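Report on the structure given below.
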Amino acid sequence: MKPKIRNILLLVMFSTACLECTYKLFADSLPCGGKEIAGMKCIPAGEFIRGSNTYDADEKPEEKIYVSDFYMDIYEVTNEEFDKCKTAGKCQECLKAGKCNYIGPRYGKPYLGPKQPAVGISWYTAKEFCEWAGKRLPTEAEWEKAARGPDGNLYPWGNEPATCEKAIIAMGDIKGCVD
1 MKPKIRNILL LVMFSTACLE CTYKLFADSL PCGGKEIAGM KCIPAGEFIR
51 GSNTYDADEK PEEKIYVSDF YMDIYEVTNE EFDKCKTAGK CQECLKAGKC
101 NYIGPRYGKP YLGPKQPAVG ISWYTAKEFC EWAGKRLPTE AEWEKAARGP
151 DGNLYPWGNE PATCEKAIIA MGDIKGCVD
């Protein structure tokens, strides 16, 4: 083989190998390995401030913690999805065991339809639903990291306290903003 052709072939082979290495290194450096899952969002790993020294006592102390990357559903579980779990004979075991109950529609509101979020479900039943769906509930730290967003806000909407336009507010037995 002529030296010029051999050098070109070696260059092409080396270039291909480097492109593959670059791609692999790049993919490995992406949150969640660059993998996309339909209906879910990758929450990148990193440190964030969990808790608050300003508000409720059970939110103290404020601390910087690290959370690995994870996926979270983009949308809430709908009544329709939850009903499929019940129809499959799941999402009811804790009811039978007397560990929890399905509270039903919140704030005395009627069932709002199959595409509305399922509400009034205990932690145990939510855990059962996630397992049925091949997922898991987020940890408290994961939930707070996702809710604070990439800027680390106090709330999903920013740093201002809740208003009727931003959240459903409940204080003890008093429930507001639920017209």
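Residue numbers (the UniProt record's numbering): 1 to 179. Where a beta carbon is used, it is the ideal one built from N, C-alpha and C, also for glycine. Fair warning: this is a prediction, and the values are worked out from it, not measured in the lab.
1. Alpha carbon to alpha carbon, how far is A167 from N153?
2. With a 10 Å radius around its C-beta and 16 neighbouring C-beta atoms as the bar for buried, classify I65 as buried or exposed.
3. Taking the alpha-carbon positions, what's the G39 to A133 distance?
4. Ordered along the chain, which non-local residues of its own chain (more than five positions away) have a Cβ less than 6 Å from that of A45?
5. Can you check the region 127 to 163 for any alpha helix (DSSP H) of at least 4 residues that lies completely inside it and give the ranges in chain order?
6. Taking all protein chains shown into account, decide if C164 is buried (16 or more other Cβ within 10 angstroms of its Cβ) or exposed.
7. Is the beta carbon of P114 less than 8 Å from the beta carbon of T139?
8. When the Cα atoms are used, what is the spatial distance from E160 to S52?
9. Just curious, the alpha helix (DSSP H) that K86 is in, first and last residue?
10. Quick one: Cα of R106 to Cα of C32, how far?
Answer, in terms of the structure:
1. 15 Å
2. exposed
3. 12 Å
4. S68, D69
5. 140 to 148
6. exposed
7. no
8. 14 Å
9. 79 to 87
10. Because the pLDDT of R106 is 49, which lies under 50, any placement of that residue in the model is unreliable, and the question is left without a value.
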